[in-house]
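A.B. asks: Have a look at this one.
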Amino acid sequence: MRSLTLVGPGAVEWREAPAPVLQADSDVLVRPIVSSACDLDRRLVRGPSPFEPPYALGHEAVGEVVEVGGDGPLRPGDRVVVPWHISCGACDACAHAMPGACRTVPRLASYGTTAGGRWGGLFDEVVRVPWASANLVALPDGVDPVVAAFCSDNLVDAYRAVSPTLAARPGAAVLVVGGTATLGLLTVMSAVALKSARVVYVDRSPARVEAAARLGAAAELVEDYPARVDGDFDLAVDVSAHPDGLRCALRSARPGGACVARSVYFTEPPLPYFDLYGTGVTFMTGPPHATPFIPEVLAHLASGTLDPSAVLAGPYPYDQAPEVLLDPPAGKPAFVHPRPAP
Numbered sequence: 084m085r086s087l088t089l090v091g092p093g094a095v096e097w098r099e100a101p102a103p104v105l106q107a108d109s110d111v112l113v114r115p116i117v118s119s120a121c122d123l124d125r126r127l128v129r130g131p132s133p134f135e136p137p138y139a140l141g142h143e144a145v146g147e148v149v150e151v152g153g154d155g156p157l158r159p160g161d162r163v164v165v166p167w168h169i170s171c172g173a174c175d176a177c178a179h180a181m182p183g184a185c186r187t188v189p190r191l192a193s194y195g196t197t198a199g200g201r202w203g204g205l206f207d208e209v210v211r212v213p214w215a216s217a218n219l220v221a222l223p224d225g226v227d228p229v230v231a232a233f234c235s236d237n238l239v240d241a242y243r244a245v246s247p248t249l250a251a252r253p254g255a256a257v258l259v260v261g262g263t264a265t266l267g268l269l270t271v272m273s274a275v276a277l278k279s280a281r282v283v284y285v286d287r288s289p290a291r292v293e294a295a296a297r298l299g300a301a302a303e304l305v306e307d308y309p310a311r312v313d314g315d316f317d318l319a320v321d322v323s324a325h326p327d328g329l330r331c332a333l334r335s336a337r338p339g340g341a342c343v344a345r346s347v348y349f350t351e352p353p354l355p356y357f358d359l360y361g362t363g364v365t366f367m368t369g370p371p372h373a374t375p376f377i378p379e380v381l382a383h384l385a386s387g388t389l390d391p392s393a394v395l396a397g398p399y400p401y402d403q404a405p406e407v408l409l410d411p412p413a414g415k416p417a418f419v420h421p422r423p424a425p
């Protein structure tokens, strides 16, 4: 089968790989029908990263079940969202809605990197999903699989950055410190959908600032990330992937407020500890725990309260994935797989 493979910084190609096979009754095989590129994929392609190539890329997809290992609820032909993480669904972390920290597999076991082993990538023609009934989420009728693929990672990540605060404090003021291609815009979209009374977005990209304004944020272009943004924010979200952006978010949350970091750092960014000591800000980070929250986000897609097509690039034909990832568009690329021959 074909597998989209990162072979080194700035080098992506199709390679032949052994097709996966069922290894347990809880396994299913899934044929991706739409794959999308996470913002992190851009960094992995550009390099460097902690992951040693070559490895299969991709950890966002909607797929079709093609083979099942046992008598579970899934059947061939079912359309499902495939989460980025590999998780058992039964350990204490999974039981507490934290499948991205599953204790049954190595830490951060996932598709599309070598973190926690090699599980293939969601651009592969077929993938094996362990503990499938605990991980896969049915795609509701009427929801476009192109945008539903974002639920594997980025869209749930953005939604969960803001939803706990807005549930506990309706109308909470939210600051989004942008810098990555689309995750900040998805975070703005989620905060607006969940009825934040005030969403402020800062970024060094004029195009993203304009996009955030169209999505409903008070958007500000900055040349450099400021030390803080005035505004008494209940929640500040870092999606800058820049240490200065992280420090800006941490300093901008009101006393007793919260800062959520949705950036992935491959280094150890310094934190403004004494500022945090003085304000008592709660700092949260960690991987997106997708499966438990995908149904909630899909319901927003079905109702139209979330419409991530505003940040969609494409969809492109599957064969164009290497060229697109090597020269990515401003938006979030999605790729439609060809249907297999009858």
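Under our numbering, the first residue of the sequence shown is numbered 84, with each subsequent residue one higher.
The beta-carbon is built from N, C-alpha and C at its ideal position, and this holds for glycine as well.
How about A300 and V283: do their beta carbons lie closer than 9 Å?
C.D. replies: Taking the sequence shown and counting its residues from 1, one reaches residue 300 at position 217. Taking the sequence shown and counting its residues from 1, one reaches residue 283 at position 200. It is a contact, given that the beta carbons lie within the stated cut-off.
A.B. asks: Ignoring anything shorter than 4 residues, give me the alpha helix (DSSP H) runs that lie fully in the segment 362 to 415, in order along the chain.
C.D. replies: 377 to 386, 404 to 409
A.B. asks: Is it buried or exposed for H325, if we count other Cβ within 10 angstroms and need 16 for buried?
C.D. replies: Translated into positions along the sequence shown, residue 325 becomes position 242. With 16 or more Cβ atoms within 10 Å of its Cβ, H325 is classed as buried.
A.B. asks: Would you please state the rounded distance, in angstroms, between the beta carbons of D110 and R211? I believe it to be under 8 Å.
C.D. replies: Here residue 110 is taken as the residue at index 27 of the sequence shown, counted from 1. Here residue 211 is taken as the residue at index 128 of the sequence shown, counted from 1. Indeed they touch by this definition, with Cβ atoms about 6 Å apart.
A.B. asks: Should R297 be labelled buried (16 or more other beta-carbon atoms within 10 Å of its own) or exposed?
C.D. replies: The sequence position of residue 297 within the sequence shown is 214, counting from 1. Exposed: under 16 other Cβ atoms inside 10 Å.
A.B. asks: Enumerate, from N- to C-terminal direction, the unbroken alpha helix (DSSP H) stretches of 4 or more residues contained entirely within the segment 174 to 204.
C.D. replies: Uninterrupted alpha helix (DSSP H) stretches at least 4 residues long and entirely within the segment 174 to 204 occur at 175 to 178, given in chain order.
A.B. asks: Which parts of the segment 190 to 269 are runs of the alpha helix (DSSP H), unbroken and 4 residues or longer, counting only runs that do not cross its ends?
C.D. replies: Counting only runs of 4 or more residues that sit fully inside the segment 190 to 269, the alpha helix (DSSP H) segments are 215 to 218, 228 to 231, 237 to 251, in chain order.
A.B. asks: By how many angstroms is the C-alpha of A344 removed from the C-alpha of G369?
C.D. replies: Reading the sequence shown from its first residue, position 286 is the one you call residue 369. Reading the sequence shown from its first residue, position 261 is the one you call residue 344. For G369 and A344, the distance between alpha carbons rounds to 8 Å.
A.B. asks: Could you work out which residue in V220, S273, P355, V90 is closest to R311 when comparing CA atoms only?
C.D. replies: Mapped onto the sequence shown, residue 311 falls at position 228. Nearest of V220, S273, P355, V90 to R311, Cα basis: P355.
A.B. asks: With which residues is A344 paired in a DSSP beta bridge?
C.D. replies: Here the question's residue 344 lines up with position 261 in the sequence shown. Paired residues: D321.
A.B. asks: Helix, strand or coil: how does DSSP classify G328 here?
C.D. replies: Counting from 1 along the sequence shown, the entry for residue 328 is found at position 245. DSSP places G328 in helix when its eight states are reduced to three.
A.B. asks: Reducing DSSP to helix, strand and coil, say where A295 ends up.
C.D. replies: Stepping through the sequence shown from its first residue, residue 295 is reached at position 212. Looking at A295 - three-state DSSP - the assignment turns out to be helix.
A.B. asks: Determine the extent of the beta strand (DSSP E) in which D122 is found, giving its start and end residues.
C.D. replies: Walking along the sequence shown from the start, residue 122 turns up at place 39. Where D122 is concerned, there is no enclosing beta strand (DSSP E), although the alpha helix (DSSP H) it sits in stretches over 122 to 129.
A.B. asks: Using 8 Å for Cβ pairs, my map puts P411 next to L87. What's the rounded Cβ distance?
C.D. replies: Against the sequence shown, residue 411 aligns to sequence position 328. Against the sequence shown, residue 87 aligns to sequence position 4. Actually they do not touch by this definition, with Cβ atoms about 14 Å apart.
A.B. asks: If the criterion is Cβ atoms closer than 9 Å, does the pair G200 and L140 meet it?
C.D. replies: Taking the sequence shown and counting its residues from 1, one reaches residue 200 at position 117. Taking the sequence shown and counting its residues from 1, one reaches residue 140 at position 57. Taking 9 Å as the Cβ cut-off, G200 and L140 do not qualify as a contacting pair.
A.B. asks: So what does DSSP say about Y308, is it helix, strand or coil?
C.D. replies: Here residue 308 is taken as the residue at index 225 of the sequence shown, counted from 1. Coil.
A.B. asks: Let me confirm a value: P103 is counted as buried when at least 16 other C-beta atoms fall within 10 Å, else exposed. Which label applies?
C.D. replies: For the purposes of this step, residue 103 is taken as the residue at position 20 of the sequence shown. Answer is buried; the Cβ neighbour count reaches 16.
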